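Chains as they are written, first to last, in our numbering: chain A, 1 to 267; chain Z, 1 to 236; chain E, 1 to 216; chain Y, 1 to 589.
Where is the CB? At the ideal position from N, CA and C, for every residue including glycine.
Bear in mind the structure is a predicted one, so any value in this text is a computation, not a measurement.
What follows is a set of notes on a single structure, which appears directly below.
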Amino acid sequence: MGKLFAVVLVIIALASAYPIVTHMYVMPEDISTHGHQIDEQLSDTMAEAGISFLLAQFVLAFFVWTFAERKVGSKLKNFPGGAKVMVAAAFILVGTEVLALGVFGQRAWANVYFTPPRPDALQIQAQAGQFAFYFRYPGVDGKFGAIHPDKIDEGNQNYFGLDPANEIESRDDIVSAELAIPVNREIHLMMHAKDVGHSFYVRELRIQQDFVPGLDLSVHFTATKTGRYEIVCTQLCGLGHYNMKAYLNVMAQDDFEKWMKQKASEL
Amino acid sequence: MRTKQAFMTGVAILAAVTTTSAVPGGGTVSGKVTYEGTPAKQKPIDMSKEPSCAKQYATPTTTETVVTGPNNALENVVVYISAGAADEPPPSQSAVFTQKGCRYIPHVLAFQVNQPLEVLNEDQTSHNIHPLAKINREWNKSQPPGTPPIVDKYDKMEFIPVKCNVHPWMHGTFAVLKNSHYSISSGDGGFSLPNLPPGKYTVTAYHESYGEQSQEVTIAGSETKSVNFVFKAKPY
Amino acid sequence: MSSTIYEPVRTPPPASRDSTASGARVAKVLSGAGEASQSGIWVGIFAITMSFAAFTSALFVRQGSAADWTHIALPPILYGNTLALLLSSATSQMARRALAAASSAEPHAVRMGLGWLMATLALGFVFVAGQFEAWRQLAAQGLYLATNPNSSFYYVLTAMHGLHVLAGIVALVLVMGRIVASGAAFRKSTFEATATYWHFMGVLWLYLLLVLRTKL
Amino acid sequence: MEETSAQQAHVHAPPEGFLRKYVFSLDHKVIGKQYYALALLAVSMGMALSWLMRFHLVWPTTRIPGLELISKAGAPGGIITPEYYLSLLTMHGTLMVFFVLTNAPFAAFGNFFLPIQIGAEDMAFPRFNMMSFWTTLAAFLVLILAFVIPDGPPISGWTSYAPLSAVGKDAGPGMGWGMNLWAISIAIFCIGSLLGALNFIATTLDLRAKGMTLMRMPICTWAWFITSCIALLAFAVLLPACILLILDRTAGTSFFIPSGLVVSDRLQPHSGGSPLLWQHLFWFFGHPEVYIAILPSMGIVSHILINSMRKPLLSARVIIYSMMSIGFLSWMVWGHHMFVSGMNPFSSLLFSFPTLTITIPATIMTMIWMGSLYGANIRINAASLFALGFISMFVSGGVSGFFLAQPSIDIVLHATYFVVGHFHMVMGVASIFGVFAGTYFWFGKMTGRMMNETLGQLHFWLTFIGTYCIFMPFHYLGLVGNVRRYSAFVNDYTGPLLPLHKFITIAALCTGAAQLIFIFNLIYSRYKGAPAPENPWNGTTLEWSIPSPPPWNNFGGKHPVIYHDPYQYDVKGSKGDYIMQDSPEPSAG
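Structure (structure tokens):
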């Protein structure tokens with residue numbers, strides 16, 4: 001039985017490692033300027049964690065194989081060096097690993113969160129509500145109209161609660177269900193939650209940030225590859241959570257301008 | 001209570017009989033609903049979040065909060081007798097509210113108090129029906145594709161905004177009315193309330209964005225009275 | 001080799017050290033959980049402190065999270081209540097002293113202790129009544145639980161503390177019942193525990209009062 | 001009141017009558033069994049719910065016959081609606097975390113064995129002990145009441161993030177009375193757990209038998225003691241959080257609800273609240289809760305491993321100190337659940353380091369366990385197999401912690417199936433393995449009859465392989481970015497993942513079915529099992545020095561005196577290869 005356990009364990013360990021080693025399941029290609037750091041961090045961690053995983057399982061299997069169900073009265077002995085070796089080893093191995101991961105991990109994090117957006121970044125407001133995202137562009141006047149929660153009227157596509165009757169700024173605000181952005185231009189996304197907590201997750205952008213009601217957060221990123229990518233909500237927000245998504249549409253600069261004109265004409 | 005009900009039904013049936021028998025003698029109120037001023041521009045709906053619906057439209061459909069027709073006709077206005085007519089028992093056939101292409105068909109559904117209401121989902125995605133009733137009991141149910149219709153009824157008169165939580169652009173209206181004398185203005189804004197026994201009536205027109213208007217009208221015999229409503233339209 | 005596991009493994013344990021130490025413990029165990037009620041009450045106090053720490057840190061976070069913090073003027077009667085509670089602490093201390101001297105030899109000590117406990121109990125009731133009065137005064141000003149965040153926290157904190165005081169009152173009554181029943185032969189441990197708890201109620205209230213007064 | 005009950009514990013007469021004996025019993029052994037039974041009921045429900053969820057995920061349009069009878073609105077025509085899926089998810093999480101992972105390894109085994117292992121006749125406060133079980137049961141009943149009310153169970157997940165959980169019925173089906181019941185149930189549960197923890201601590205401190213110094217307590221006693229210290233703090237924080245939540249929902253206060261929220265087209269009448277406040281309070285409880293779930297299993301596994309290895313651990317002290325430091329560190333890491341939740345990015349860094357540091361004591365423990373296996377003579381049986389399985393499972397679930405502890409990686413893995421796989425392995429399966437091991441090891445002592453070994457080992461193999469088949473793939477899904485808590489896969493990228501999801505579902509159904517073997521084994525052995533001797537495993541600790549099952553007062557009125565450290569195995573020159581803790585026979589110096 002002990003031998004069987006060892007064999008099964010080794011098989012499980014190898015089988016578990018196989019899809020990782022062969023990159024069977026991976027994130028889609030990164031299209032952001034900061035993402036590569038996260039990816040490197042991820043693969044470094046994968047290497048370290050993977051090795052410790054296999055090592056631990058194999059050692060466990062080996063010990064069980066060797067020391068299970070020996071004949072009665074067979075001489076027992078202790079691991080040379082005893083506990084002290086173990087503790088020292090754990091401290092050195094894991095300690096360094098932790099430190100390394102910690103320190104390098106912070107670099108990637110700092111890159112995303114501690115660098116302020118460039119002043120010329122394109123400002124877009126994102127609003128998350130049950131159960132859809134809507135995005136707002138300031139329009140020609142470059143100003144966002146104020147938000148009046150009491151004026152929200154979804155049947156009439158007034159998702160942000162704008163008051164064009166009384167406020168000129170909001171008349172030219174462009175509201176869209178897709179996030180259209182120009183390629184290679186930094187986007188400063190200001191995040192506003194209409195009702196409950198939501199989250200903004202684009203795998204290709206390596207960006208995930210919660211919408212917190214009453215707290216206006218923002219993220220900034222630069223997309224380097226045109227195309228259509230999925231924006232999904234990752235914060236449980238109610239019955240339609242699974243279906244809360246929108247599209248990120250990265251366009252060439254002139255396509256983006258065309259798109260803006262077309263949207264403006266619909267106003 | 002029960003006896004009262006029985007009595008009411010008796011009366012109602014009598015009324016029904018008289019009205020139906022009195023079709024030649026019954027009067028009619030008809031007319032047009034129009035608007036003045038500039039109504040809000042109906043915006044195209046972006047359904048990209050729901051591909052199965054989006055692909056049903058060559059060009060994106062627009063919102064339906066204010067639907068207008070030629071020469072200022074105003075559609076989707078519920079015209080009904082708010083006073084003067086006896087309450088009637090509900091018809092047995094049910095009013096059907098269909099979700100198709102992530103829209104409500106019809107956009108405004110009028111039916112009677114206690115008349116069975118059937119909600120169908122003909123889409124490939126699951127919808128959520130949330131009638132925001134204030135007087136009646138509020139409910140909020142999801143309807144995955146391939147599930148049986150949701151059957152319900154309302155026991156008090158009310159205009160109930162209906163929304164789908166999953167698809168924020170989906171909005172409609174339930175008009176729960178006390179009698180069978182109602183009509184929803186068509187593309188040309190026209191409506192007609194036939195079979196009115198002689199009497200004095202209050203005719204009311206309800207629009208989801210522009211509110212209510214009422215007019216008095218007296219029917220003697222089998223005449224046809226013409227009543228028109230004009231709503232004030234706002235650009236925003 | 002067992003020496004590598006537990007150092008030192010000497011057996012049988014040096015009678016001097018071990019048996020006296022734990023011998024005493026066993027004795028206590030036999031005479032009922034004397035120590036247990038003491039450490040029990042301290043553990044309980046620790047838990048209560050923790051949950052009020054949670055409440056008050058919530059208060060501070062909430063105070064910083066939004067601009068809607070309208071500071072309410074505390075009803076002056078609170079200070080009267082505070083005084084009552086502190087006095088009750090003192091009287092319970094007197095009771096403690098009296099009862100410590102109590103023995104079958106001098107039964108009057110028991111009566112004295114009971115008297116002090118009566119006073120403690122009365123003052124406890126005064127405090128609770130006073131807190132109710134404070135609520136009524138606030139309500140008269142139109143300040144209710146949901147009026148503003150500050151009043152919300154005021155009601156929550158005072159209510160929670162009040163509940164704990166009531167629990168203490170119940171415990172006091174029980175203890176006094178015991179003392180009346182068994183005279184000088186009553187078990188001191190539970191009384192001690194109750195007294196400790198009662199003092200803690202006073203300390204806790206002072207802390208809450210401070211928190212409710214301070215404006216960040 | 002305390003003292004009468006304490007008195008009860010030591011001078012009370014044997015309980016009379018069915019009610020006193022088995023229902024409102026003051027006997028810690030009966031209460032332990034009651035907890036075990038409750039956990040068993042909860043785990044069966046929780047597992048059934050996970051079956052429904054997994055089934056719906058991969059066969060969304062297939063009718064589930066009979067489900068309509070349970071909830072007509074939730075499963076019209078036997079097809080699960082999105083909100084009912086979330087209800088199942090919420091109840092699964094709540095049942096498993098609170099009523100299984102907290103009750104089984106801690107409350108159940110702890111109640112039964114902690115007093116025995118320290119040589120006490122009962123808990124310090126048997127009345128409190130009884131109360132804590134009945135409050136927990138009440139909490140359980142209140143929770144499952146949500147299944148039968150028209151509103152249905154809540155849909156906001158076991159973490160119940162505000163404002164979704166706070167705004168009331170506008171937030172969706174189940175968020176009316178369903179959510180109220182949830183909050184009330186958890187509040188009650190907190191009270192029960194606080195009473196229990198208080199009792200455990202007082203008992204360990206004051207009722208130890210003569211000679212039972214702290215360092216002579218068995219490792220599992222230590223684990224239960226440390227766990228109760230954690231629980232005392234954790235639930236003391238969750239209780240206020242629940243009270244504030246209930247007030248927000250019912251009294252119109254605004255602790256967690258900010259201004260200007262429009263839910264279901266209705267402007268909410270609240271202002272100024274802080275949603276993050278709930279997250280902080282919840283996770284300040286929530287992360288220690290993870291260790292409340294896993295530490296007792298660590299203790300039980302160490303206890304069983306030593307016995308099956310027939311030699312002591314390299315160092316029991318190191319294990320105990322590691323458990324302490326884990327318990328201590330668990331208070332500084334709650335923020336790692338909130339890396340992307342809008343918390344100050346600097347604090348993310350602050351939380352990241354202690355989180356990574358926790359891996360050090362965890363690794364030390366693992367290495368001590370494995371290092372001790374070296375040169376042993378491991379007795380293989382159902383109990384020891386599950387103990388070994390625990391180590392493997394703990395490692396597998398632990399390494400994925402490396403990823404989630406780093407804010408930068410958490411950006412892409414947060415809220416994906418990677419997280420689900422991680423915590424199911426490390427706190428779910430691992431801790432349940434500890435419970436299984438404990439059951440096979442102690443069942444004889446608890447009931448007087450041994451469990452069937454063959455069935456036990458069969459159960460192990462199926463469960464061991466099955467759980468790996470279920471939870472390893474979760475990590476792969478997460479690496480692709482598959483978001484958790486989705487009731488249907490409508491995203492473009494989920495198509496190719498469906499086969500893997502099907503595999504998981506099938507594995508889950510099979511593994512679940514395998515648990516029926518365990519249930520059968522429990523019932524069968526309870527009545528038909530071989531009679532259990534006093535010391536079937538040649539154990540050294542006090543529970544093996546008394547009959548199986550133990551008499552109502554454990555030691556038959558005698559007061560054991562302790563001469564040894566708990567694990568005197570492989571002792572030269574002694575008759576057997578072990579010396580009981582209470583035997584005066586000298587151990588080799």
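Three-state secondary structure assigned by DSSP to residue i
i, result
"residue 593 of chain Y", "Residue numbering for chain Y in the displayed model covers 1 to 589; residue 593 of chain Y lies beyond these limits and cannot be assessed."
"residue 187 of chain E", "coil"
"residue 91 of chain Z", "coil"
"residue 202 of chain A", "strand"
"residue 220 of chain A", "strand"
"residue 137 of chain A", "strand"
"residue 360 of chain Y", "helix"
"residue 457 of chain Y", "helix"
"residue 34 of chain E", "Its pLDDT being 47, under 50, residue 34 of chain E is placed unreliably in this model, and the value from its coordinates should be taken loosely. Helix."
"residue 172 of chain A", "helix"
"residue 154 of chain A", "helix"
"residue 217 of chain Z", "strand"
"residue 546 of chain Y", "coil"
"residue 21 of chain A", "helix"
"residue 66 of chain Z", "coil"
"residue 152 of chain Z", "strand"
"residue 171 of chain Z", "strand"
Among the options, the one whose alpha carbon lies nearest that of residue i
i, options, result
"residue 349 of chain Y", "A:193, A:257, A:205 and A:113", "A:113"
"residue 314 of chain Y", "A:69, A:80, A:60 and A:2", "A:80"
"residue 449 of chain Y", "Y:238, Y:126, Y:521 and Y:385", "Y:521"
"residue 129 of chain E", "E:102, E:169 and E:147", "E:169"
"residue 626 of chain Y", "Y:71, Y:309 and Y:52", "No information on residue 626 of chain Y is available, as it lies outside the stretch 1 to 589 that chain Y covers here."
"residue 481 of chain Y", "A:250, A:39 and A:17", "A:39"
"residue 497 of chain Y", "Y:57, Y:304 and Y:555", "Y:57"
"residue 27 of chain Z", "Z:233, Z:226, Z:232 and Z:230", "Z:226"
Residues sharing a beta bridge with residue i, DSSP
i, result
"residue 182 of chain A", "A:251"
"residue 68 of chain A", "Y:378"
"residue 178 of chain E", "None; residue 178 of chain E has no bridge partner."
"residue 386 of chain Y", "None; residue 386 of chain Y has no bridge partner."
Beta-carbon proximity check, residue i vs residue j, cutoff 8 Å
i, j, result
"residue 168 of chain Y", "residue 146 of chain Y", "no"
"residue 158 of chain Y", "residue 221 of chain Y", "no"
"residue 583 of chain Y", "residue 563 of chain Y", "yes"
"residue 327 of chain Y", "residue 201 of chain Y", "no"
"residue 133 of chain E", "residue 38 of chain E", "no"
"residue 60 of chain Y", "residue 488 of chain Y", "yes"
"residue 111 of chain Z", "residue 176 of chain Z", "yes"
"residue 141 of chain Y", "residue 99 of chain Y", "no"
Check: residue i C-beta below 7 Å from any heavy atom of the ligand FMN
i, result
"residue 331 of chain Y", "In the structure on display, the ligand FMN does not appear, and there are no ligands present to speak of."
* Using a Cβ-Cβ cut-off of less than 7 Å, list which residues of the region 251-264 of chain Y approach chain Z; keep chain order. => 264
* May I ask you to list, following chain order, the residues of the region 60-82 of chain E that have a beta carbon less than 9 Å from some beta carbon of chain Y? => 61, 62, 64, 65, 66, 67, 68 and 69
* **Contact residues within the region 60-79 of chain Y, judged by C-beta distance below 7 Å to chain Z** => 61, 73, 76, 77 and 79
* To do: Please name the residues in the region 79-93 of chain Y whose beta-carbon is closer than 9 Å to at least one beta-carbon of chain Z, in chain order.
  => 79, 80, 81, 82, 83 and 84
* Near-chain E residues of the region 125-157 of chain Y (beta-carbon distance less than 8 Å), N- to C-terminal order -> 125
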